[in-house]
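Input: a single structure, listed below in structure tokens.
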Amino acid sequence: MIAAKGYAAQDPKTPLGPFNFDRREPGPHDVQFDILYCGVCHSDLHQVRDEWGGSIFPMVPGHEIVGRVTAVGSEVSKFKVGDLAGVGCLVDSCRHCENCSDGLEQYCLNGHSQTYNGTEQDHKTPTYGGYSNFIVVDEAFVLHVDERLDLAAVAPLLCAGITTYSPLRHWKVGEGHKVAVLGLGGLGHMAVKFAASFGAEVTVLSTSPGKEDDAKRLGAHKFVVTKDPEQLKGVQGYFDFIIDSVSASHDYNMYLGMLKTDGVHICVGAPPTPSQIVAFSLIPGRKSLAGSMIGGLPETQEMLDYCAEHNITSDIELIDMKDIETAYERMLKGDVRYRFVIDMKTL
Ligand code: NAP
Ligand code: ZN
Ligand code: ZN
Numbered sequence: 121m122i123a124a125k126g127y128a129a130q131d132p133k134t135p136l137g138p139f140n141f142d143r144r145e146p147g148p149h150d151v152q153f154d155i156l157y158c159g160v161c162h163s164d165l166h167q168v169r170d171e172w173g174g175s176i177f178p179m180v181p182g183h184e185i186v187g188r189v190t191a192v193g194s195e196v197s198k199f200k201v202g203d204l205a206g207v208g209c210l211v212d213s214c215r216h217c218e219n220c221s222d223g224l225e226q227y228c229l230n231g232h233s234q235t236y237n238g239t240e241q242d243h244k245t246p247t248y249g250g251y252s253n254f255i256v257v258d259e260a261f262v263l264h265v266d267e268r269l270d271l272a273a274v275a276p277l278l279c280a281g282i283t284t285y286s287p288l289r290h291w292k293v294g295e296g297h298k299v300a301v302l303g304l305g306g307l308g309h310m311a312v313k314f315a316a317s318f319g320a321e322v323t324v325l326s327t328s329p330g331k332e333d334d335a336k337r338l339g340a341h342k343f344v345v346t347k348d349p350e351q352l353k354g355v356q357g358y359f360d361f362i363i364d365s366v367s368a369s370h371d372y373n374m375y376l377g378m379l380k381t382d383g384v385h386i387c388v389g390a391p392p393t394p395s396q397i398v399a400f401s402l403i404p405g406r407k408s409l410a411g412s413m414i415g416g417l418p419e420t421q422e423m424l425d426y427c428a429e430h431n432i433t434s435d436i437e438l439i440d441m442k443d444i445e446t447a448y449e450r451m452l453k454g455d456v457r458y459r460f461v462i463d464m465k466t467l
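Residue numbering for the sequence shown is 121 to 467, as defined by this note's numbering.
Listed below in structure tokens is the structure:
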């Protein structure tokens with residue numbers, strides 16, 4: 121084993137603090153890399169505070185991980201020492217079920233290994249995430265990162281990026297479509313960039329009037345403050361798709377009213393509390409309520425390559441490791457412009 125340093129939550133109530141733990145020596149198929157930057161996802165906060173239930177402690181969060189390779193196993197063919205590398209929300213899966221065979225490891229039928237708050241495929245060894253100095257991951261779950269992009273701003277692509285890219289691709293969103301991005305935070309701002317890049321007309325639906333200029337700069341064509349009933353009148357029956365990235369409880373029925381006939385409301389935001397959906401929000405207009413979870417390994421690499429080609433990264437605020445609790449508090453207030461990224465040399 122190799123001694124590793126990180127920042128961990130010991131339970132849902134205590135602030136995160138320094139934590140020493142062990143990672144495995146790289147095996148024949150493993151890549152070891154020093155973590156340079158790690159993004160802060162709202163899922164980190166949900167899990168640290170055990171809002172979804174079943175959290176495993178101590179927990180080293182972080183699943184938007186980029187860094188530079190320091191060691192590779194004897195059988196590794198995709199990476200060499202000195203390469204840039206990225207790891208997202210997955211570090212392993214069964215690799216043989218129908219979904220894994222289709223490159224949809226996020227939907228592994230035998231249970232994937234999430235990067236933290238999960239276990240390795242032995243279903244007992246806990247996984248520890250990217251708020252740490254280095255990581256060891258099988259090369260099949262390590263992504264290539266292009267040297268041309270700003271590395272700190274690439275980190276959020278590993279979750280916020282792929283989580284919004286994947287449903288936009290699945291529903292073939294592009295020219296001629298009217299797309300709403302609900303909630304302008306980490307996921308939302310990436311959804312705006314991708315939907316605009318794919319040629320759609322993009323409207324941001326936000327509770328924060330102060331984000332209008334940013335929304336337009338990110339590529340949105342329209343901005344609607346959802347707390348203003350007058351502004352809502354203009355978008356009834358208007359959208360082909362809504363990408364819903366809201367992290368807290370909200371009324372889906374209200375937003376379903378903004379869809380056209382055959383419109384799709386895609387949930388990527390994962391509020392901890394259940395909501396009531398009225399069937400009559402869906403029936404007239406043959407509407408769909410859908411969900412989507414991150415993306416598989418092939419599509420994550422496709423997204424990173426697309427971003428390199430089109431010069432797309434996240435808009436970030438770089439923070440020190442010790443300021444993580446302040447970042448969480450600001451995230452809860454919707455005050456993220458638009459992703460916190462931890463500079464791991466401050467660990
Ligand atoms: P974030 O940066 O905190 O952004 C969430 C945004 O939602 C806020 O900035 C705010 O935008 C809006 N919002 C917050 N509370 C609201 C409320 N009560 N009503 C309406 N809008 C509200 O969070 P994130 O990192 O983008 O993550 C968003 C959600 O996606 C989280 O639940 C996270 O766990 C989930 N997630 C899911 C996946 C997946 O695979 N499906 C992957 C990653 C994350 P405005 O100020 O514009 O209103
Ligand atoms: Zn995430
Ligand atoms: Zn599988």
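Ideal Cβ placement from N, Cα and C applies to all residues, glycine included.
Per DSSP, residue 388 lies in no alpha helix (DSSP H) segment and is marked neither H nor E.
In the same chain as residue 144, and ignoring 5 residues on each side of it, the C-beta atoms closer than 7 Å to its own belong to 121, 256, in chain order. Shown here for residue 308: same chain residues with a beta carbon closer than 6 Å to its own, the five before and five after excluded, namely 301, 365 in chain order.
Counting only residues of its own chain and dropping the five nearest sequence neighbours on each side, residue 236 has a CB closer than 7 Å to the CB of 179, 180, 181, 182, 183, 247, 248, 249. Between the stretch 202-211 and the stretch 256-274, the count of C-beta pairs closer than 8 Å reaches three or more; the two stretches touch.
Within the same chain, and ignoring the five residues on either side of residue 149 in sequence, the residues whose Cβ sits closer than 8 Å to its Cβ are 193, 195, 196, 258, 259, 260. Where residue 284 is concerned, the enclosing alpha helix (DSSP H) starts and stops at 280-290. Excluding the 5 residues flanking it on each side, residue 341 has same chain C-beta neighbours closer than 7 Å at 321, 322, 323, in chain order. Beta-bridge analysis with DSSP links residue 217 to no other residue. Judged by DSSP in its simplified three-state form, residue 437 adopts strand.
The C-alpha of residue 139 lies about 5 Å from the C-alpha of residue 126.
By DSSP's assignment, residue 323 forms a beta bridge with 300, 342.
Counting other Cβ atoms within 10 Å of its Cβ, residue 252 reaches 16 or more and is therefore classed as buried.
Linking residue 174 to residue 431 through their CA atoms gives a straight-line distance of about 38 Å. Rounded to whole angstroms, residue 185 and residue 463 show a C-alpha spacing of 11 Å.
Taking 8 Å as the upper bound for CB-CB distance, residue 142 and residue 129 are not in contact here, some 18 Å apart. Within the same chain, 177 come within 7 Å of residue 131 by CB-CB distance, once the 5 residues on both sides are set aside. Here the alpha carbon of residue 278 sits roughly 31 Å from the alpha carbon of residue 374. Ranking 410, 379, 370 by CA distance to the CA of residue 393 puts 370 first. Checking the 8 Å criterion, the Cβ of residue 391 is within range of a heavy atom belonging to ligand 1. Secondary structure note for residue 124: it is in no alpha helix (DSSP H), and the uninterrupted beta strand (DSSP E) holding it is 122-128. The C-beta distance from residue 345 to residue 315 rounds to 19 Å, too long to fall under 8 Å, and the pair is not in contact. For residue 452, the enclosing alpha helix (DSSP H) begins and ends at 444-452. Scanning 455, 465, 170 for the CA closest to the CA of residue 329 turns up 455.
Judged by the Cβ position, residue 280 qualifies as a neighbour of ligand 2 at the 8 Å threshold, a heavy atom of the ligand being closer than this. Beta-bridge partners of residue 204 (DSSP): 188. When C-beta atoms of the stretch 422-430 are compared with those of the stretch 441-450, fewer than three pairs fall below 8 Å, so the two segments do not count as touching.
Per DSSP, residue 174 is not a residue of any beta strand (DSSP E), being assigned neither H nor E.
In the same chain as residue 362, and ignoring 5 residues on each side of it, the C-beta atoms closer than 7 Å to its own belong to 300, 302, 375, 378, 379, 385, 386, in chain order.
Note on geometry: alpha-carbon atoms of residue 356 and residue 450 lie some 31 Å from one another. Secondary structure of residue 408 (DSSP, three-state): strand.
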